[in-house]
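Going left to right, the sequence shown walks through residues -25 to -1, 1 to 116 as mature numbering (1 follows the signal peptide of the UniProt record, and there is no 0) numbers them. Think of the CB as a built atom: it goes at the ideal place given N, C-alpha and C, for glycine as much as any other residue. Here's the structure we're looking at; comments come further down.
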Amino acid sequence: MANKISFFAEVFALCLILHISTVSAIYCFQCNSLFNPECENIQPNDTSSEHYKLCDPNEAVGKEIFCRKLVQTIYDRGGMVRVIRKCGWEMHKRDCYVVSNKGHQDVSCQCFQDGCNAASHGYTKPTYLLLFPLICLYLYR
């Protein structure tokens, strides 16, 4: 029993260290398709893009910085779609959520790896932080 607790503690500590080591600096795609039409179709892993930039840690003192992708559909303008990719530091309780107001709909997703706010949205690091120790415990029993 002591070995299981020790193993779980070591795995959790490793996950925590890996998580903390990546919080201080993150690269996100930062653009708005209103001003840069190519912002609408950025491909994953396109680190050569002019929009792939380091987030400014001074904007989020004491908070975790992450990437955000916002897709706005503006019905008042014939269904125009605008894509905004940026850094964020005020987290929502859900990774993705939809806000519908009169005349437009916003789909916003947040993620926690470099460049994760490109074309597709995957699992976030907090999800892995929770799943990894549980999987290890399941396999170790």
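Open item on the list: Given a cut-off of 8 Å on the beta-carbon distance, is the pair G90 and C3 in contact?
Closed with: Taking 8 Å as the Cβ cut-off, G90 and C3 qualify as a contacting pair.
Task: Contacting residues, own chain, Cβ-Cβ under 8 Å from H67 (five flanking each side not counted) - done: The residues are S83 and Q85.
- [ ] Report the three-state DSSP secondary structure of N11 (helix, strand or coil).
- [x] If DSSP states are grouped into helix, strand and coil, N11 belongs with coil.
Open item on the list: Since C30 and I1 should fall inside the 8 Å C-beta cutoff, what is the C-beta to C-beta distance between them, to a whole number of angstroms?
Closed with: About 5 Å; that satisfies the 8 Å criterion.
Task: Span of the beta strand (DSSP E), counted from its first residue to its last, around C86 - done: That run of the beta strand (DSSP E) goes H79 to C86.
Task: Range covered by the beta strand (DSSP E) that runs through V73 - done: Residue range C71 to N76 is occupied by the beta strand (DSSP E) that includes V73.
Task: Spatial distance of K38 from L45 (CA atoms) - done: When rounded, the distance between both Cα atoms is 20 Å.
- [ ] Run the CB neighbour count on G78, radius 10 Å, all protein chains shown included, and call it buried at 16 or more, exposed below.
- [x] The residue in question, G78, is exposed, as its Cβ has fewer than 16 Cβ neighbours within 10 Å.
- [ ] Have a look at the DSSP bridge pairing and note the partners of M55.
- [x] DSSP lists I49 as partners of M55.
Task: Through-space distance from R43 to E25, alpha-carbon basis - done: Each residue's CA atom was taken as its position, placing E25 and R43 some 17 Å apart.
Task: Bridge partners - K44, DSSP secondary structure assignment - done: As a beta-bridge residue in DSSP terms, K44 pairs with R60 and C84.
Task: Rounded separation between R57 and E15 - CA only - done: Roughly 7 Å between the two C-alpha positions.
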